[in-house]
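Numbering (the working numbering), first residue to last: 773 to 1299.
We put the beta carbon where it would ideally sit given N, CA and C, even for glycine.
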Amino acid sequence: MELEVILALMMFATAVGALLAGYPVALTLGGVALIYALIGIGLGVFPEPLLRSLPSRIQGGSIMQNNTLLAVPLFVLMGVILERSRVAEDLLHIASRLLGKLNGGLGFAVVLVGALLAASTGIVGATVITMTLIALPSMLKQGYDPRLATGTIAASGTLGQIIPPSIVLILLADAVSNAASQASLSSGGRPLVVSVGDLFAGALIPGLLLVGLYLAWIAFKAFTAPQQCPAVTVPEDTAPLTASEIAFGLGAPLALIFAVLGAILGGVAPPTEAAAIGAAGAVMLAGLRLAREAGSHLAPVILAGLASLILVIVLRNSMDLRLGVEQIGALNMAGIVVTGLASLAFFGALAAGLLVLRRARQLLPALKSATNITSMVFLILIGASLFSLVFRGFGGDDIVKDILHAMPGGKWGALIMTMIVMFVLGFFLDFIEIVFVVVPLVAPPLILLGFDPVWLAILMALNLQTSFLTPPFGFALFYLRGAAPPEVSTLQIWRGAMPFIGLQILLIVLVALVPSLATWLPALTAR
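Structure (structure tokens):
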């Protein structure tokens, strides 16, 4: 075996071992890469100019000038603000009141709220912990089987991995796009671009199917074992829900989600601009909730701004805003005026929302939390970039390609082996490390074997979501265990997750056998 191959394999094994030992991810990836690069330079098997190219890679298009990655801090800020403003509590309260009279109604409410939180925050840990603190005590008090209750919460919390806008899909889009371009260039074709919008569109149908499977399982349990998920008993003196409570608590978050996803899938705005819309909308939504709670006179201002946000998105593509046109037309001029006024209302409401959050002392903690998460993501990205640079310098990408091409069963054998490896790594590593380290190595050869990059990315996202739910190492189960009351045992949590793991595996097989579930909508939106 050649010395370069030995060093490449040793470097990968050292990095995985250090990560499993609990060392910081970004420093581990960068440090191991530097050590082995210096060893390779000393032995004369690693090109020194390649290592010197790292600053240009960071400053160039791969990181600092990557427009796709600009959406990450904005979506993180959107999720943090909504999580801190108790929007989840309002959603769950309203949904449980609307569905609670049915057997399994509280379980239905948890799944639907989990899907809405996934589409509004995209942060799995925050969603699982929030749902556990809010929903689990209520479900146990109403007589729900602890296994069904914990399994429903854990599974619903992981929906943030697959339902757009998801941080996982944003990072996957960048990694798979680079892999697709690399595979296309190596085969003599043109660079192939996979956008965030493609993955958002591709994940929408599988994500909704997964929500449907969860609801179907709870309905099955309600029919076969109603004592495990009884109807909610509401005290007689409880006031009924008002139309304003439903509109503000349920309608406003839905409007924000539709605005963000509609802007991306409808081609109105690219993902980065849509993320900015989401962050601004989250500020206004959180400000509106706090203003109504405090009886502030700023609530109508913020509400008008939320309405104007939808209006600006709707009118943006229908109005001709080009300068120098000779005949604007009365209708178009009216649209321009309305859009201008709506924009002024939007910025006024944004300022009011920021003021309310600042007065409630929620703005600075949210900004700090979003900054910490974003800094972690980009520091890991820099370390992973150095790791992949050194690994490729040793010829590691050729090693991975040869291994996958030599797998029994052809391309499907290579795909199954890749999914198994990623599934096992998902027990121990966060999705960020897997996306930044593993996907760039395995995706190019799989795409060269003929797999569609969008379909492949959706399968990877579903696979990681399943591993995060699988005992004994699933991250979602750790989050739930930490927030659950002591009377709920770990074994009950593990047993409750098993049916939902089976449903996720069923969906993975379904998407693998019917690729159009992931590719039809991206092809439709691209027209």
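- The region 1214-1221 makes no contact with the region 1244-1254, as fewer than three CB pairs between them are under 8 Å.
- In the structure shown, HIS1177 falls within a helical segment according to DSSP collapsed to helix, strand and coil.
- For ILE1230, the enclosing alpha helix (DSSP H) starts and ends at 1225-1239.
- Setting aside the 5 residues that flank it on each side, LYS993 is surrounded in the same chain by GLY876, LEU920, GLN1000, CYS1001, each with a C-beta closer than 7 Å to its C-beta; the list follows chain order.
- CA-CA distance, ASN1235 to HIS1177, rounds to 21 Å.
- The C-beta distance from THR1297 to ASP1224 rounds to 15 Å, too long to meet the 8 Å contact threshold.
- In the displayed model, TYR795 falls within coil according to three-state DSSP, outside both helix and strand.
- Shown here for LEU1013: same chain residues with a beta carbon closer than 6 Å to its own, the five before and five after excluded, namely ARG869 in chain order.
- Taking 9 Å as the cut-off, the beta carbon of ILE934 is found no closer than this to the beta carbon of PRO998.
- Per DSSP, reduced to three states, the secondary structure at PRO1002 is coil, with no helix or strand assignment.
- Apart from the 5 residues on each side of it in sequence, ALA1256 sits with its Cβ closer than 8 Å to the Cβ of THR904, LEU908, THR922, ILE1265 in its chain, given in chain order.
- Counting along the chain, TYR986 sits inside the alpha helix (DSSP H) bounded by residues 968-996.
- Put simply, the region 1153-1165 does not touch the region 846-853. Fewer than three CB pairs are less than 8 Å apart.
- Each residue's CA atom was taken as its position, placing LYS1173 and ILE1029 some 40 Å apart.
- Of the other Cβ atoms in all chains shown, fewer than 16 fall within 10 Å of the Cβ of ARG1133; this residue is therefore exposed.
- The continuous alpha helix (DSSP H) containing PHE1159 extends over residues 1135-1165.
- Counting C-beta pairs with one atom in each stretch, the region 968-977 and the region 932-948 have three or more that are closer than 8 Å, which means they touch.
- Membership of TYR916 in any alpha helix (DSSP H) is not indicated, and neither H nor E is assigned to it by DSSP.
- Within the same chain, and ignoring the five residues on either side of GLY802 in sequence, the residues whose Cβ sits closer than 6 Å to its Cβ are GLY1155, LEU1158.
- Taking the Cα positions, PHE1195 is about 25 Å away from LEU987.
- The DSSP-derived three-state label of ALA1132 is coil.
- When the alpha-carbon of SER1141 is set against those of SER825, LEU854, GLU820, TYR808, the nearest one is in LEU854.
- For ASN875, the secondary structure class from DSSP, reduced to helix, strand or coil, is coil.
- Within the model, the alpha-carbon separation for LEU981 versus GLU820 is close to 50 Å.
- In this structure SER825 is exposed. Its beta-carbon is surrounded by fewer than 16 other beta-carbon atoms within 10 angstroms.
- Shown here for VAL948: same chain residues with a beta carbon closer than 6 Å to its own, the five before and five after excluded, namely VAL966, ALA1215, PRO1225, ALA1229 in chain order.
- For ARG856, the enclosing alpha helix (DSSP H) begins and ends at 843-856.
- Counting along the chain, the unbroken alpha helix (DSSP H) around SER958 starts and ends at 939-958.
- Under the criterion of beta carbons closer than 8 Å, VAL1283 and LEU1289 qualify as touching, at roughly 5 Å.
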